[in-house]
Amino acid sequence: MPSDATSTYTLPRLLFCLLITILAVSGGCARRPRPLPSQMPPEGILDVTRAPYHADPTGQRDSTSALQKAVQDACRQAQVAYLPPGRYRVSDTLLVGAQLHPQQDPPLQSRYDSPCVIWGGTYQGRAEIVLMDRAPGFGDPKRPKPVMRFASWGTHSQAQNLSVSSTQLLISVDFDLGSGNPGAIAVDHQGPQGCAIEDVQVRARDAFAGFRGAYGPGASMSHVSVEGGKYGLYWAASRPVASYRNAQSSSVLSYVTLIDQADAAILVDTQGPLTVAGAWIEGAGVQVQSTASALDGPLSLVDSVLRLRHAKPAIRSNRPVYLRNVYVEGTETIVELPGGIIWRVKKPGWNHVVEFAATGDKRAWLRIDGKPAPSLVVRIQEGAEPPDDLRAVHHWAEKLPSWNAPKVANVKAAPYLAKGDGQSDDTAAIQRALDENRDVFLPKGVYRISQPLRLNRANRLFGLGVYSKIEPLPAGAFAQADSPAPLVATADAADATCALAFVELSCRWLGSYAIHWRAGARSIVRNVRTAVRPWRGPGPSAAHPMIVIEGSGGGRWYNVSAHGKVPQTRGHRFLLARQTSQPLSIYMLNPGHRSADYVVEFDRVRHLRVFGVDAGTSEQGMGQEAGLAWVRDSSHVEILGHWGSASVSAGGSVYRIERSRPFRLVNLANQPRTTPTSRARWFLVSEYPIQGQPIQVPVDQLLLLYERR
86 MPSDATSTYT LPRLLFCLLI TILAVSGGCA RRPRPLPSQM PPEGILDVTR
136 APYHADPTGQ RDSTSALQKA VQDACRQAQV AYLPPGRYRV SDTLLVGAQL
186 HPQQDPPLQS RYDSPCVIWG GTYQGRAEIV LMDRAPGFGD PKRPKPVMRF
236 ASWGTHSQAQ NLSVSSTQLL ISVDFDLGSG NPGAIAVDHQ GPQGCAIEDV
286 QVRARDAFAG FRGAYGPGAS MSHVSVEGGK YGLYWAASRP VASYRNAQSS
336 SVLSYVTLID QADAAILVDT QGPLTVAGAW IEGAGVQVQS TASALDGPLS
386 LVDSVLRLRH AKPAIRSNRP VYLRNVYVEG TETIVELPGG IIWRVKKPGW
436 NHVVEFAATG DKRAWLRIDG KPAPSLVVRI QEGAEPPDDL RAVHHWAEKL
486 PSWNAPKVAN VKAAPYLAKG DGQSDDTAAI QRALDENRDV FLPKGVYRIS
536 QPLRLNRANR LFGLGVYSKI EPLPAGAFAQ ADSPAPLVAT ADAADATCAL
586 AFVELSCRWL GSYAIHWRAG ARSIVRNVRT AVRPWRGPGP SAAHPMIVIE
636 GSGGGRWYNV SAHGKVPQTR GHRFLLARQT SQPLSIYMLN PGHRSADYVV
686 EFDRVRHLRV FGVDAGTSEQ GMGQEAGLAW VRDSSHVEIL GHWGSASVSA
736 GGSVYRIERS RPFRLVNLAN QPRTTPTSRA RWFLVSEYPI QGQPIQVPVD
786 QLLLLYERR
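Written out as structure tokens, the structure is:
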């Protein structure tokens, strides 16, 4: 090649390379606009590290103001406040909700559709809020102060109204309470329907407590842990914080770990019963110091371990106590009750409490196989150590992925392009995403469908709580009121591992119902709100159940609740489980007001466990009263912890048990308000056994244990 060839070809090549460089830097011929400071990230998620907030995930700067502003904006704009993995240093309380609705604003009637949701990232790390050492205001244990406080102001109220603090979520955010903060509490929230604290770890060190304010009806806590602190869970009492006397009712805890508390792992002064399943407690024990009525404060503890590091009682209570499948080590005193009732064992080594029930000095019903039982029921196996898998039945073997994990399909992204605009038919887009991926994410939106969404054995469909709504169109499978179809259905598979989580299923047409579930024991339904709303257009009363579980249906269901007023037939059911053989566990059942004869029905089911029930079944103005649960021809049924204002018509009962055994009812404490029918004319429980005469339990007494072996 001639020597001048260099000058012939070098200049064009240089120009070409320069052009490529310019395009690469600028992002192409069409310049990409930068997000405006007020512009929210897509998918209903507000990233607290982005402009204009700039919370610092490295922990170098104080992020209190940034996090407070981000949380406030997220709540106002119906977004999820998202904390990417990192450490966020704070020096003061983060108020969640209280700033959004100050007392001078128009009164807030309901939070169901506009909650505050705080979510931590779990892809490539975890989010942790770290309280600075010796933070101002956190030094007095007589005046405890939370790092995060949820609150809501109610109708014409100058104080917090807990009943409207609904559907608020705290998910996958950890807390480190630092050193020198003896008055610090990680989280303060007394939330009812739809609230959840899940997958939250607290390092309390020398602080006051991990959590204050028990969750109540329709809400629960699961997979939480507290290391250190004076208390793990401070759900109490008139001192030192008077306003926290009688925290929320019918509290439910599952898979909780409490280590190295100084005074008590749990201090309890709740309304109604406390139900705990799958606890691991090391250090201090559990104290129940109820200051309310005799029906408040009974404790149910199952499938748990207590390893005491002192000689005090494992459980000290002034209310009835029920234990089942609990292992205790390190103390000879298992339970101490008023009236000098102290249950001791011979040696402080491992002891397996197969079953224990004691009323203390309170009146309570105990019946075993139809006959009155003594006020103390004890079955124990000395020297038995807990199996490694004791709590496995309550544990999520596999957690949900983060919304931004690589293999999670976003239904609004290519190639699926669901609209979520409340008008378009998104059936094909969402179903294609489910067919092509295991994990499918529903960003914020209203997704209307004309056919049921079908989950395969492994699908996991999840969203952003009530901000991810699925609604039926009056077309396709939902067009016929006399043959309704489910919004979500599963395959009939006992080995299924599918999950449905953090979505709202809004049944707006008579031709639709919420869920048809036939997935087995390893499946999960987690924080799914079933919104039963007034029908659009005229129609007959609802007759089909809202949730149907049958065949291989089972799994673990968290916060199963529905609220809404629609016309119903007397045979309508919120939940119907029938002809099932797979284990089914429900952690908080809160069906709300209904006008059917029974709200839920369990027909020919096997291996059912319900942890926590709250029900106000009578509906003023509808002329009806409703029983809660009808159990028939079933076996291995266990219901622990009932509180509510249920009332039924003359001759009826809140719980009706027919031809079923074995079954067990524990700590049922119904507290009806003024009722249309005299309490003397209806019952808490009516059992119609396979053989023998009916047995009926009066409504005004605590039922500690009713067992048919």
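One rule links them: number in our numbering = place in the sequence shown (from 1) + 85.
Yeah, the Cβ is synthetic: ideal placement off N, Cα and C, and Gly gets one too.
All values derive from a computational prediction rather than experimental measurement.
Rounded Cβ spacing between residue i and residue j (contact assumed at less than 8 Å)
i                 : j                 : result
tryptophan 767    : glycine 737       : 5 Å
phenylalanine 526 : valine 496        : 7 Å
cysteine 583      : asparagine 644    : So it is not a contact: roughly 18 Å between Cβ atoms.
proline 405       : glycine 357       : The Cβ separation is near 12 Å, so there is no contact.
alanine 574       : phenylalanine 563 : The Cβ separation is near 13 Å, so there is no contact.
alanine 219       : leucine 180       : Going by the sequence as given, residue 219 is arginine instead of alanine. Their Cβ separation, rounded to whole angstroms, is 22 Å, which puts arginine 219 and leucine 180 out of contact at 8 Å.
glutamate 710     : serine 734        : 5 Å
lysine 554        : serine 509        : About 14 Å separates the two Cβ atoms, so there is no contact after all.
arginine 452      : tyrosine 138      : Wrong, their Cβ atoms sit about 58 Å apart, outside the cutoff.
leucine 343       : valine 311        : 5 Å
asparagine 752    : glutamine 278     : Contact flag wrong, Cβ pair sits at about 21 Å.
serine 378        : glycine 697       : At roughly 19 Å, the Cβ-Cβ gap does not stay under 8 Å, so serine 378 and glycine 697 are not in contact.
tyrosine 340      : histidine 479     : 5 Å
phenylalanine 748 : valine 782        : Actually they do not touch by this definition, with Cβ atoms about 14 Å apart.
alanine 581       : arginine 607      : 7 Å
Option nearest residue i by Cα separation, candidates the options
i                 : options                           : result
valine 613        : Arg290, Gly561 and Met673         : Met673
arginine 447      : Leu788, Arg794, Gln516 and Arg533 : It is lysine, not arginine, that sits at residue 447 in the sequence shown. Selected option, being the one with the closest Cα: Leu788.
alanine 163       : Gly530, Val493 and Ile366         : Gly530
serine 626        : Gly639, Leu595, Ile632 and Ala616 : Leu595
serine 385        : Lys397, Gln372, Arg392 and Ser745 : Gln372
alanine 50        : Leu408, Asp388, Val413 and Tyr407 : The requested residue 50 is not part of the displayed model; the chain covers only 86 to 794.
alanine 628       : Val684, Pro747, Ala616 and Glu635 : Val684
glycine 206       : Gln667, Leu255, Lys230 and Lys227 : Leu255
tryptophan 428    : Gln346, Gly656 and Lys397         : Lys397
leucine 216       : Gly561, Val175 and Pro528         : Val175
alanine 513       : Arg523, Tyr532, Leu585 and Lys315 : Tyr532
glycine 295       : Trp320, Gly636, Ser608 and Leu168 : Trp320
glycine 434       : Leu393, Ala490 and Arg794         : Leu393
alanine 765       : Ile742, Ser732, Tyr740 and Ala369 : Ser732
phenylalanine 547 : Val588, Ser257, Val272 and Gly370 : Val588
Where the beta strand (DSSP E) containing residue i begins and where it ends
i              : result
alanine 578    : Note, alanine 578: premise wrong, no beta strand (DSSP E); not H, not E.
lysine 844     : A question about residue 844 goes unanswered here, because the residues of the chain that appear run from 86 up to 794.
arginine 611   : 609 to 611
glycine 548    : Segment: none, glycine 548 is in no beta strand (DSSP E) and carries neither H nor E.
leucine 384    : 384 to 393
proline 569    : First-last for proline 569: undefined, no H or E at that position.
isoleucine 775 : Isoleucine 775 -> no beta strand (DSSP E), and no H or E assigned at all.
arginine 288   : 281 to 290
glutamate 556  : 553 to 557
methionine 673 : 669 to 675
alanine 482    : Where alanine 482 is concerned, there is no enclosing beta strand (DSSP E), given that its DSSP letter is neither H nor E.
aspartate 354  : Taken as a continuous stretch (DSSP letters only), aspartate 354 belongs to no beta strand (DSSP E), as it is neither H nor E.
arginine 297   : 294 to 297
glycine 636    : 632 to 636
glycine 726    : 720 to 729
tyrosine 532   : 530 to 534
Element boundaries [alpha helix (DSSP H), containing residue i]
i             : result
serine 154    : Sequence inspection shows lysine at residue 154; the serine mentioned does not correspond to that position. First-last of the alpha helix (DSSP H) with lysine 154: 149 to 161.
glutamate 521 : 512 to 521
Buried/exposed call for residue i, threshold 16 Cβ in 10 Å
i              : result
serine 251     : buried
glutamate 506  : For the sequence presented, residue 506 should be read as aspartate rather than glutamate. Exposed is the call here.
alanine 578    : buried
alanine 520    : One detail in the question is off: residue 520 reads as aspartate in this sequence, not alanine. Counting Cβ neighbours within 10 Å, aspartate 520 comes out exposed, since fewer than 16 surround it.
threonine 143  : exposed
serine 402     : buried
serine 568     : exposed
proline 779    : exposed
glutamate 283  : buried
aspartate 381  : buried
isoleucine 724 : buried
proline 200    : buried
lysine 315     : buried
serine 257     : buried
Notebook entry, point to check: Should the stretch 434 to 451 be called in touch with the stretch 405 to 425, which here means at least 3 C-beta pairs below 8 Å?
Noted result: yes
Notebook entry, point to check: Looking at C-beta atoms only, is the number of pairs between the stretch 149 to 158 and the stretch 127 to 138 that lie closer than 8 Å three or more?
Noted result: yes
Margin query: For the stretch 348 to 355 against the stretch 682 to 702, do three or more pairs of beta-carbon atoms, one drawn from each stretch, fall closer than 8 Å, so that the two count as touching?
Written below: no
Check: Is it a yes or a no for the stretch 466 to 476 touching the stretch 500 to 514, going by three-plus beta-carbon pairs under 8 Å?
Finding: no
Note to self: With a threshold of 8 Å, are at least 3 pairs of Cβ atoms found where one atom belongs to the stretch 451 to 461 and the other to the stretch 474 to 482?
What the structure shows: no
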